[in-house]
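Each remark here refers to the structure printed beneath this line.
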Amino acid sequence: MTVKTADLYDDLGEDIQSLSLQMQNLGGVEAFEGPIRTVRCFEDNALLKSVLSEPGEGRVLVVDAGGSLKRAVMGDMIAELARGNGWAGVVIFGAIRDREEIARTAIGVKALGSNPRKSTKTGAGEKDVTLTVDDVVFAPGKRLYSDADGILVER
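Here the sequence shown is numbered in our numbering, starting from 243 and rising by one per residue.
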């Protein structure tokens with residue numbers, strides 16, 4: 243990513259959304275950007291894995307896991323699957339696991355934290371829906387920018 247979020251915000255101001263929620267940089271790529279796809283799932287990663295199995299084409303998957311830190315919805319194998327399928331990054335409002343391995347994977351990953359407890363696998367959830375987290379609207383197709391300073395999203 244060549245655009246820094248601080249510079250982009252200076253250029254656009256209130257014409258771009260800024261996530262105030264503090265997310266941890268957990269992937270091997272700190273700065274990433276791309277068009278958004280979304281998944282809403284709670285402590286279950288079957289749908290997330292299904293979407294990341296598709297060609298990413300430089301997109302960013304935004305996952306609303308309900309803010310739960312009780313179960314990880316992504317581990318090292320899914321992160322590697324996403325990288326291999328061309329996803330630019332994954333932003334998870336929830337937990338991951340396999341932190342050390344994900345930190346060595348060449349993909350952007352931001353999440354609230356980690357927990358070694360694995361997810362359920364029922365397939366429950368929704369994909370390609372508009373998500374709102376911390377008053378920021380994550381709509382499929384809108385562009386997300388992420389770096390060490392934070393996350394910005396097109397209005």
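Virtual Cβ for every residue (Gly too), placed ideally from N, Cα, C. Predicted model, so just to flag it, every value in this text is computed and none were measured.
Expressed to the nearest angstrom, what Euclidean distance is found between the alpha-carbon atoms of residue i and residue j?
| i | j | result |
| --- | --- | --- |
| Pro358 | Glu342 | 12 Å |
| Leu261 | Leu386 | 11 Å |
| Gly331 | Leu250 | 19 Å |
| Ala288 | Ala321 | 13 Å |
| Val378 | Leu263 | 10 Å |
| Phe380 | Glu396 | 8 Å |
| Val333 | Arg339 | 14 Å |
| Ser356 | Leu311 | 7 Å |
| Arg346 | Ile258 | 31 Å |
| Leu254 | Leu323 | 34 Å |
Beta-carbon of residue i versus every beta-carbon of chain B: anything under 8 Å?
| i | result |
| --- | --- |
| Gly350 | Here there is only one protein chain, and chain B is not present. |
Since I believe residue j is in contact with residue i (beta carbons under 8 Å), could you give me their beta-carbon distance rounded to a whole number of angstroms?
| i | j | result |
| --- | --- | --- |
| Gln266 | Leu394 | Going by Cβ atoms, the distance from Gln266 to Leu394 rounds to 17 Å, so no, they are not a contact pair. |
| Leu268 | Val351 | 5 Å |
| Asp286 | Ala337 | Actually they are not in contact, since the Cβ atoms of Asp286 and Ala337 sit about 12 Å apart, beyond 8 Å. |
| Ala348 | Glu272 | Incorrect: roughly 11 Å between the Cβ atoms, too far for contact. |
| Thr247 | Gly392 | 6 Å |
| Asp306 | Phe335 | 5 Å |
In the DSSP assignment, the alpha helix (DSSP H) including residue i goes from what residue to what residue?
| i | result |
| --- | --- |
| Glu322 | Asp318 to Gly326 |
| Asp249 | Thr247 to Leu254 |
| Ala288 | Ala288 to Leu294 |
| Ala345 | Arg341 to Ala345 |
Relative to the C-alpha of residue i, which residue among the options is closest?
| i | options | result |
| --- | --- | --- |
| Val371 | Ser361, Lys360 and Lys384 | Lys384 |
| Gly298 | Pro277, Gly336 and Gly255 | Pro277 |
| Ile344 | Arg325, Thr374 and Val379 | Arg325 |
| Thr280 | Asp253, Ala273, Glu272 and Trp329 | Trp329 |
| Glu368 | Pro382, Asp340 and Ser356 | Pro382 |
| Thr362 | Leu373, Leu323, Ile334 and Ala314 | Ala314 |
| Gly308 | Phe284, Val293 and Leu323 | Phe284 |
| Asn327 | Lys360, Ser388 and Val293 | Val293 |
| Lys360 | Leu373, Leu323, Met319 and Ser388 | Met319 |
When we look at the beta-carbon of residue i and count the other beta-carbons within 10 Å, is it buried (16 or more) or exposed?
| i | result |
| --- | --- |
| Val304 | buried |
| Gly317 | buried |
| Lys291 | buried |
| Ser295 | exposed |
| Val302 | buried |
| Glu256 | exposed |
| Arg282 | buried |
| Asp252 | exposed |
Provide the residue span of the beta strand (DSSP E) that contains residue i, from first to last.
| i | result |
| --- | --- |
| Val371 | Counting along the chain, Val371 falls outside any beta strand (DSSP E), and DSSP gives it neither H nor E. |
| Leu394 | Gly392 to Glu396 |
| Ile349 | Counting along the chain, Ile349 falls outside any beta strand (DSSP E), and DSSP gives it neither H nor E. |
| Glu275 | Phe274 to Arg282 |
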